[in-house]
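Residues 1 to 87 in my numbering are what the sequence shown spells out, letter by letter. From the three backbone atoms N, C-alpha and C, an ideal C-beta is built for every residue, glycine too. To start, the structure itself, in structure tokens.
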Amino acid sequence: LRAVLSVFPVDKMEPEPVRTMQVVGDPAAMPEAVADFARLLAERGAAAPVPLERHAFYAAAREAFAVVATGEARPYGNILLTKGVVR
């Protein structure tokens with residue numbers, strides 16, 4: 001995520017520009033990967049991730065313009081970003 005955010009600003013006009021998947025069976029939980037995402041986003045002044053129900057996350061992911069596959073292997077290590085203006 002750090003590398004992506006270095007060239008991909010998160011939209012500041014969208015109400016929920018960063019989304020992650022809720023933990024199935026425990027929607028209030030914050031997995032380690034999501035906590036790390038939130039920290040990196042906060043360092044860059046970007047919005048905190050909003051958790052989506054599993055199937056809502058999959059539906060949103062199907063609408064993605066681009067997909068970046070990384071080496072992230074931790075559970076719930078997926079994130080959806082809405083691109084902002086590149087300055």
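Per-residue burial, residue i [other beta carbons within 10 Å of its own, 16 or more giving buried]
{"i": "A47", "result": "buried"}
{"i": "T20", "result": "buried"}
{"i": "Y76", "result": "buried"}
Identity of the residue in the options nearest residue i by Cα
{"i": "V86", "options": "R54, Q22, E32, D11", "result": "D11"}
Chain-order list of residues whose beta-carbon lies under 6 angstroms from that of residue i (same chain, five-residue window excluded)
{"i": "P17", "result": "V10, D11, A47, T82"}
{"i": "G84", "result": "P9, V10, D11, K12"}
{"i": "P27", "result": "none"}
{"i": "P5", "result": "For the record, residue 5 in the displayed sequence is Leu; it is not Pro. Excluding sequence neighbours, L5 sits near R44."}
CB contact flag (residue i, residue j, <8 angstroms)
{"i": "A99", "j": "R74", "result": "Only positions 1 to 87 of the chain appear in the structure, and residue 99 is not among them; the question remains open."}
{"i": "L80", "j": "A64", "result": "yes"}
{"i": "V23", "j": "P31", "result": "yes"}
{"i": "F37", "j": "P51", "result": "no"}
{"i": "L40", "j": "R2", "result": "yes"}
Beta-ladder partner(s) of residue i, from DSSP
{"i": "R19", "result": "V50, L80"}
{"i": "V10", "result": "K83"}
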